[in-house]
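Please read the structure below before turning to the comments.
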Amino acid sequence: MWFEFNDEELAFREELREFLDDELPDGWIGPNDESSDEGWALYKRMRKALADRGWLTMTWPKEYGGQEASPMISLIFAEEMSYRRAPGNDRFGTRMLGPTLMHFGTEEQKRKYLPDIAQGGLQWCQGYSEPNTGSDLASLQTFAELRGDEFVINGSKIWTSLAHRADMMFMLVRTDREAERHSGITFLLVDMKSPGIQVNPIINIAGAHSFNQVMFDDVHVPIENMVGELNDGWNVAMNLLNFERGNIDYVSWAQRSWEEIRDYAATTRRFDGSLMIDDMKVRRRLAELEAEIEMARYITYEVAWLQTQGYPPSTEASMCKIAATEANCAVLDFGVELLGMPGLIDDPDEHEDLAGRIFKMRMYQTSGPILAGTNEIQKNIIAYRGLELPRR
Amino acid sequence: MWFEFNDEELAFREELREFLDDELPDGWIGPNDESSDEGWALYKRMRKALADRGWLTMTWPKEYGGQEASPMISLIFAEEMSYRRAPGNDRFGTRMLGPTLMHFGTEEQKRKYLPDIAQGGLQWCQGYSEPNTGSDLASLQTFAELRGDEFVINGSKIWTSLAHRADMMFMLVRTDREAERHSGITFLLVDMKSPGIQVNPIINIAGAHSFNQVMFDDVHVPIENMVGELNDGWNVAMNLLNFERGNIDYVSWAQRSWEEIRDYAATTRRFDGSLMIDDMKVRRRLAELEAEIEMARYITYEVAWLQTQGYPPSTEASMCKIAATEANCAVLDFGVELLGMPGLIDDPDEHEDLAGRIFKMRMYQTSGPILAGTNEIQKNIIAYRGLELPRR
Amino acid sequence: MDFGLNETQELIRASAAEFLADRSPSDFVRAMAEDERGYTDDFWQEIGELAWLGLTIPEVHGGSGMDMIDMSVLLNEWGAALAPGPLVESAVVSAAAINKFGTETQKQEWLPAIATGQTIAVPSLTGIDGSTNPNATNLRAAETTNGYVLSGTTRFVPYGNSADLALIPAETDTGTTIFALPIKTAEGTVNITPLKMASGAPATDIELNEVVVPSASTLGNPGEGQDVIDHMTLHGATARATQMVGAGSAVTDRTIDYVKERRQFGRPIGAFQVIQHYMADMATKVKSAQHLANRAAWALATNADSPQSSRIVNQAKWTANTLMHDIVWTAHQSHGAIGFTWEHDLHLYTRRILSWRADYGDTETHLENLARTL
Amino acid sequence: MDFGLNETQELIRASAAEFLADRSPSDFVRAMAEDERGYTDDFWQEIGELAWLGLTIPEVHGGSGMDMIDMSVLLNEWGAALAPGPLVESAVVSAAAINKFGTETQKQEWLPAIATGQTIAVPSLTGIDGSTNPNATNLRAAETTNGYVLSGTTRFVPYGNSADLALIPAETDTGTTIFALPIKTAEGTVNITPLKMASGAPATDIELNEVVVPSASTLGNPGEGQDVIDHMTLHGATARATQMVGAGSAVTDRTIDYVKERRQFGRPIGAFQVIQHYMADMATKVKSAQHLANRAAWALATNADSPQSSRIVNQAKWTANTLMHDIVWTAHQSHGAIGFTWEHDLHLYTRRILSWRADYGDTETHLENLARTL
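Note that the protein sequences, when read in sequence, are chains A, B, C and D. Each residue of the first sequence is one higher than the one before, starting from 18 at the first, in our numbering. Each residue of the second sequence is one higher than the one before, starting from 18 at the first, in our numbering. Each residue of the third sequence is one higher than the one before, starting from -10 at the first, in our numbering. Each residue of the fourth sequence is one higher than the one before, starting from -10 at the first, in our numbering.
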């Protein structure tokens, strides 16, 4: 048992911090808004700069141009990026599609896409969810009919981040309606400029364009864009999901929000001249929340450590998804109430002052306990896989 | 909408308070220990005194010697008795068996038992639960074979309060093993002095003898002791259960414990000379708990009010069972932590000081969220019956 | 004890539910949340014609002479419909203050106009530091021979950009004093800055610079403003708690409907036990908060000035703040991704319920009041 | 970062689990809870022979020279088995204090004997007011020409009726000073009153009346007792947190086993989703508290004196107190009526986990330390 990072890890964090100090705009608070042209330009610039250092694909094997960095280094990368609310850490290409192609892709697919992803080239998006799937992903209905050497796709995908910016989508489609529901699914790569694709923005409860619905109307995709076997797409997709919950993001966001709230309390005076933080009950709540963040953080660290040891961290990943998203919401809930009326200002302008941002931040983070497998689904996973409780 | 008691109700409460001032031993803190001979004598004396005033059966119809008191008066009776932790408020005869006999009993059964119950005569106990039934009461297995004009009972009942003091038990037995599980059950009245009955005490986690297991080995019961029809016992028993959850008891206990904790904090000095209650965080927590008690109290009042209006309060009764038992536990949890080390004294001697009692009180109240339908079962009831959520 | 509605109250409930379903549907609520004033004159005129604005105003001053219990029935529906406009601010809080502390002249001048909706009156009860301490003010009123001169800023005044009359605490030499300020016509400089708020109702920062008012403009005696503040806060807190419970109840109903319909893994998600328990918890919380909010209205109707009534109101608002917050997030969790979209109505409730917690005493303020008076 | 055990630690874990399963079964735990001393000499002698009592004592003083991380592996198992006896009091807290603050003479006198179990040393850290403030003391030590004269009372001293050596804070003219008092042989009147406690381990009230000790009896310099108190509290809090997590982990495992077996409505109750989520919550809480407790042991092993280490320990104990409390009641709720019986072992855990919250800083004390140092 040992609870600090080693010298290599500390040095990497330092290097990354300096990089971010240099690359991020002055006074950057974040988060980035990729739906604005300015925000999209920043995203792309950062992605390129990260790619140039090899950081986006640092965990990849050397044969594919990676550095075979340890999961702990990779965790530090995500932790620091999220803490800074820095854009450019594309996961769709580097963390999801890349490893999938390495495992299931043809030689041609690997040659075509892997170097491009490593260089921060094409933007990928992920087409898994559909309006009726929710947590039950295997119930997806978007259908691809194999006609000769082409698939023809009809249906729609939803909650697709960056679809309005993406060049390509990797997606799951149903290719056999008669098969058992996990069986008749295929994994495809689709050019977003294909005729028949329409991207409709979805505005979230924070008023931001964070998702899209993508409609497919007779969209043609060549058969060489299939990854893995026909009807084996569930297997292709699920191979990755366990490891890619990105829970350290929630820990870092919680940490950053906590610090912003603490700083606000430490610099804002009540009418009687006292600082908000002079109030012991404010401090006590901050201390409780700090401990909650630490709990989530160390489960997340454990997940990375388990990976360094070669263990698949299924239960622990679910635990840290729950702990991290709940801590994140709890921090912002406290902040909104603490700030009082100023914390309820909610206009579209950008605010440097926390009071003008915190309500939006809370609304945004509502999705944490819901997306990527609701926390209820995570508890089911813990119960079934980790604790081996009976299903009936 | 109106939130105070009427004059008649206030007058009754006053009369009851004076009665309790007179009848309870000086300095009575309670609760009573019916397993001690002294405690049993007090119980019987109080029960008789309450019967003499007609209070035990005040809700009964006048034709059976009752006063047809309103559910609100009856609630006040229970509220005050529980607040004082006063013994003698027997529910088995007066609230459970009595109304059952009025509805399902033969003329002879009514003549034989109802006046005796009203006068505080025989002590009844309830034989429903069995070691393997838990919340699934209909799975009971104690079997009664009908041989001529007698039943012969074999099996066992558990969690039987007062079985070691009772003269009679009303019980549910299985009389048809082949029938659908709710069907083959019969309701019987059994003399506790019958040969073949053995009562084994169960000591609870507070160290008290509050329950028993009752073993039946070829126990003979005459057929005239059957209430209702053969194999219709489920119907006979369930007719009453909804109304008899006694949730105001938990509200009153919570209230009384809360006052004891507040008084302790208001009279106990820290080393620096300050009273515990001078600490704002102690006051704040007391205030939160006070509000929780009030929430539970008003749902409980609503249940009584619904009864005065002739509505069956199924969902509301489940809600107040949950709210009241949770408030009760929360109050004692706070108390145990607040008192610190002195609150962890746990010797068998009686203590006037709260510090010597509160840990036992907390352990005792562990049963609240579990007994009489766990709070989980209550939530199922709310979901199915109240909110009409689908079962599958 | 009576947990039911009498005939009049049932009539109010039914007609409010019917009218608001028709006139304040989600489209209207959404449009008003984007509107700088937050409501329309047409809508307000109709509300006035329904006699809702004068519900608790004495008949002699143009109202219906009902009490806070009757008003709470309306407020429950008002909250459930997320209806826009300064009902609580004008017809509950300001009307109660003017009715209790106003001179006969003030009553005659303001109450009938509030009852018709012709006049919008609003209280200024947020502290300059953004807290719910109305005494945190830098407004000063200097007494002169022919009245007072007011200068300073008051923040987050609800609907201040529509108001005809603002009830504003200011410090005078004799202590806190409430001024009934006709802000549209006041002599001097009045700068009103509307702020876009999460609730969808506008709040305004109001800056007064050498605003001159006659001596007769104080509401209640000079130096006795705290009594007026307390009276307004109690009525506002009760009204908001009731609105919140109405909104929480609507959220609960909608969520229950949703989980009955939405299917996952081959069955409605409402068939999953965890979702069932979420729904049972929500329903129990609504009921708990409903009773305490109703009791607060009853306390104000029967004995507004007793310390016990203050505690009852504190309990009601603390409970509504705490439990409706829980309800909102359980509702989001049960809705999943669809509830995270702007298009779905759930967030309309979320925004209001979270915002209303800060009005007329935030969670901590009510808890501390309870704690101090234990 | 390393979340695993090294070879030595794995050996400690395995041998502790095996030995305690054999020698500290539920019958023994129950018997010791009724015993006035709370453990037996035979048991203690075996523990000494296993070298567990000297685990963190330097080799030069008869121990094994390991650190708090290694000790925490033992304490986890110790807690899981609810093993009786003053392991934490003597071999962790007192040994740590003597090792850091003792003179060479004191170390030689006490540490080897603590390591064998021949000497039982206990700290007195509960305030006279029953709080976890060790400075709440009425013990006075008057300096005389040949030493100190101690008078006053100290309360709730763990295992005070077995102790050979008590580490007791007392006020002197120079401030708080810790006295290493050989209470069985001290010159003067020592009245020891054992109290029956919920934890099953005895606590004692100790009254000292004109007890005379030599000047060399102070542990650390006179007036510098706070440093010793802090060192003892940090080690005690870490040890208790680790024990609590061990016990909570055992409760969780037992509860999971129970819900897999217990059938209701035709299936194991562990097949009900609500019970499944209870179990998932319990497992997540155990893991959360485990990591923070382990980190506290690591902090003491690597840098005990840093302010950051204090905060890490505060977080660990606050977390163990809070989460293990939740675990206990979820376990009861999942067990139903059987867990409410004396016969079932669940309450053995309940009593200890609830009691241990009060040791070496209660929940509020650790939270306030964190809050103050934000």
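Virtual Cβ for every residue (Gly too), placed ideally from N, Cα, C.
Stretch pair the stretch 218 to 234 of chain D + the stretch 288 to 298 of chain D: three plus CB contacts closer than 8 Å: yes
Sub-7 Å separation of VAL231 (chain A) and VAL216 (chain A) beta-carbons: Counted from its first residue, the first sequence places residue 231 (chain A) at position 214. Counted from its first residue, the first sequence places residue 216 (chain A) at position 199. Going by C-beta atoms, VAL231 (chain A) is nearer than 7 Å to VAL216 (chain A).
Residue of D:ARG19, D:ILE1 and D:GLU48 minimising C-alpha distance to ILE36 (chain D): Start at 1 with the first residue of the fourth sequence, and residue 36 (chain D) comes out as number 47. The shortest Cα separation from ILE36 (chain D) among D:ARG19, D:ILE1 and D:GLU48 belongs to D:ILE1.
Segment limits, beta strand (DSSP E) that includes ASP194 (chain C): As a first step, residue 194 (chain C) must be located in the third sequence, where it is residue number 205. Its beta strand (DSSP E) spans residues 192 to 202.
Counted within 10 angstroms of its Cβ, other Cβ atoms place ASP31 (chain D) as buried (16 or more) or exposed: On the fourth sequence, residue 31 (chain D) is found 42 positions in, with the first residue counted as 1. Exposed, because fewer than 16 other Cβ atoms sit within 10 Å of the Cβ of ASP31 (chain D).
Beta-bridge partners of GLN215 (chain A), as assigned by DSSP: As a first step, residue 215 (chain A) must be located in the first sequence, where it is residue number 198. Partner(s): A:MET232.
Cutoff 7 Å: PHE288 (chain A) Cβ touching any chain C Cβ: Position 271 of the first sequence, counted from the first residue, corresponds to residue 288 (chain A). Yes, its Cβ sits closer than 7 Å to a Cβ of chain C.
Amino acids of chain A, ordered along the chain, whose beta-carbon sits closer than 7 Å to that of PHE254 (chain C): Counted from its first residue, the third sequence places residue 254 (chain C) at position 265. The contacting residues are ASP153.
Cβ pair TRP287 (chain D), MET119 (chain A) closer than 7 Å: Indexing the fourth sequence from 1 puts residue 287 (chain D) at position 298. Indexing the first sequence from 1 puts residue 119 (chain A) at position 102. No. Outside cutoff.
Limits of the unbroken alpha helix (DSSP H) element including GLU332 (chain C): Numbered from its first residue, the third sequence carries residue 332 (chain C) at position 343. First-last for GLU332 (chain C): undefined, no H or E at that position.
Residue span of the alpha helix (DSSP H) that contains TYR137 (chain D), given as start and end: For the purposes of this step, residue 137 (chain D) is identified with residue 148 of the fourth sequence, where counting begins at 1. Where TYR137 (chain D) is concerned, there is no enclosing alpha helix (DSSP H), although the beta strand (DSSP E) it sits in stretches over 136 to 147.
7 Å Cβ cutoff, ALA290 (chain C) in contact with chain B: To locate residue 290 (chain C), count along the third sequence from 1; it is residue 301. Not closer than 7 Å to any Cβ of chain B, the Cβ of ALA290 (chain C) fails to qualify, so no.
Buried/exposed call for ASN283 (chain C), threshold 16 Cβ in 10 Å: Residue mapping note: residue 283 (chain C) aligns to position 294 of the third sequence, counting from 1. When all chains shown are included, ASN283 (chain C) counts as buried.
Test: ALA95 (chain A) CB closer than 7 Å to a CB of chain D: Position 78 of the first sequence holds residue 95 (chain A). With 7 Å as the cut-off, ALA95 (chain A) does not count as an interface residue toward chain D.
Cβ separation of VAL320 (chain A) and CYS337 (chain A), assumed to be a contact under 8 Å, to the nearest whole Å: Position 303 of the first sequence, counted from the start, is the residue given in the question as residue 320 (chain A). Position 320 of the first sequence, counted from the start, is the residue given in the question as residue 337 (chain A). Yes, VAL320 (chain A) and CYS337 (chain A) are in contact; Cβ-Cβ is about 6 Å, under 8 Å.
Bounding residues of the alpha helix (DSSP H) (the contiguous stretch that carries PRO88 (chain B)): Taking the second sequence and counting its residues from 1, one reaches residue 88 (chain B) at position 71. 88 to 100 is the span of the alpha helix (DSSP H), which, as asked, contains PRO88 (chain B).
Reference VAL200 (chain D); option with closest CA among D:ARG340, D:GLY209, D:LEU170 and D:ALA3: In the fourth sequence, residue 200 (chain D) corresponds to position 211, counting from 1. Cα-wise, what sits closest to VAL200 (chain D) is D:LEU170.
Closer than 7 Å to chain B by CB, VAL263 (chain D): Numbered from 1 along the fourth sequence, position 274 holds the residue referred to as residue 263 (chain D). Yes, because at least one Cβ of chain B sits closer than 7 Å to the Cβ of VAL263 (chain D).
Residue burial classification, ASP24 (chain B) (beta-carbon count within 10 angstroms, cutoff 16): Position 7 of the second sequence holds residue 24 (chain B). The residue is exposed, with fewer than 16 neighbouring Cβ atoms inside 10 Å.
CB contact check: HIS333 (chain C) to chain F, cutoff 7 Å: Looking for chain F here will not work: the only protein chains present are A, B, C and D.
Near-chain C residues of the stretch 215 to 242 of chain A (beta-carbon distance less than 7 Å), N- to C-terminal order: ILE219, ILE220, ASN221, ILE222 and GLY224
Any C-beta of chain B under 7 Å from that of ASP118 (chain D): One-based indexing of the fourth sequence puts residue 118 (chain D) at position 129. Yes, ASP118 (chain D) counts as interfacial toward chain B.
GLY136 (chain D) versus SER204 (chain D) - alpha carbon distance: As a position in the fourth sequence, residue 136 (chain D) is number 147, starting the count at 1. As a position in the fourth sequence, residue 204 (chain D) is number 215, starting the count at 1. Rounded to whole angstroms, GLY136 (chain D) to SER204 (chain D) spans 4 Å at the Cα level.
Any chain C beta carbon closer than 7 Å to TRP275 (chain B): Stepping through the second sequence from its first residue, residue 275 (chain B) is reached at position 258. No, its Cβ sits nowhere closer than 7 Å to a Cβ of chain C.
Spatial distance of PRO407 (chain A) from SER323 (chain D) (CA atoms): Residue mapping note: residue 407 (chain A) aligns to position 390 of the first sequence, counting from 1. Residue mapping note: residue 323 (chain D) aligns to position 334 of the fourth sequence, counting from 1. In a straight line, the C-alpha of PRO407 (chain A) is about 15 Å away from that of SER323 (chain D).
Through-space distance from TRP141 (chain B) to ASP266 (chain B), alpha-carbon basis: As a first step, residue 266 (chain B) must be located in the second sequence, where it is residue number 249. As a first step, residue 141 (chain B) must be located in the second sequence, where it is residue number 124. Approximately 20 Å, taken between the alpha carbons.
Buried/exposed call for PHE254 (chain D), threshold 16 Cβ in 10 Å: For the purposes of this step, residue 254 (chain D) is identified with residue 265 of the fourth sequence, where counting begins at 1. By the neighbour-count rule (16 or more Cβ atoms within 10 Å), PHE254 (chain D) is not buried but exposed.
In chain order, each beta strand (DSSP E) run of at least 3 residues that lies wholly inside the stretch 103 to 161 of chain B: 141 to 144
Whole-Å CB distance - ALA130 (chain D) paired with THR166 (chain D), under 8 Å assumed: Looking up residue 130 (chain D) in the fourth sequence gives position 141. Looking up residue 166 (chain D) in the fourth sequence gives position 177. With 8 Å as the limit, ALA130 (chain D) and THR166 (chain D) qualify as a contact, their Cβ atoms being about 6 Å apart.
LEU184 (chain D): first and last residue of the uninterrupted alpha helix (DSSP H) it sits in: Your numbering for residue 184 (chain D) matches position 195 in the fourth sequence. Per DSSP, LEU184 (chain D) belongs to no alpha helix (DSSP H); it is in the beta strand (DSSP E), 176 to 184.
Same chain, Cβ closer than 7 Å to PHE29 (chain B), neighbours up to 5 away in sequence not counted: On the second sequence, position 12 is the one that residue 29 (chain B) refers to. Contacts found: ILE90 and ILE93.
is_contact[HIS266 (chain C), chain D] using C-beta, thresh 7 Å: On the third sequence, residue 266 (chain C) is found 277 positions in, with the first residue counted as 1. So yes, HIS266 (chain C) belongs to the interface.
First and last residue of the uninterrupted beta strand (DSSP E) at THR166 (chain D): Translated into the one-based positions of the fourth sequence, residue 166 (chain D) becomes position 177. Where THR166 (chain D) is concerned, the enclosing beta strand (DSSP E) stretches over 164 to 170.
Span of the beta strand (DSSP E), counted from its first residue to its last, around GLU132 (chain D): Against the fourth sequence, residue 132 (chain D) aligns to sequence position 143. Per DSSP, GLU132 (chain D) belongs to the beta strand (DSSP E) from 129 to 133.
Continuous alpha helix (DSSP H) assignments of at least 4 residues falling wholly in the stretch 346 to 407 of chain A: 375 to 381 and 392 to 398
DSSP bridge partner residues for LEU292 (chain B) (one or two, in chain order): For the purposes of this step, residue 292 (chain B) is identified with residue 275 of the second sequence, where counting begins at 1. Bridge partners of LEU292 (chain B): B:ARG286.
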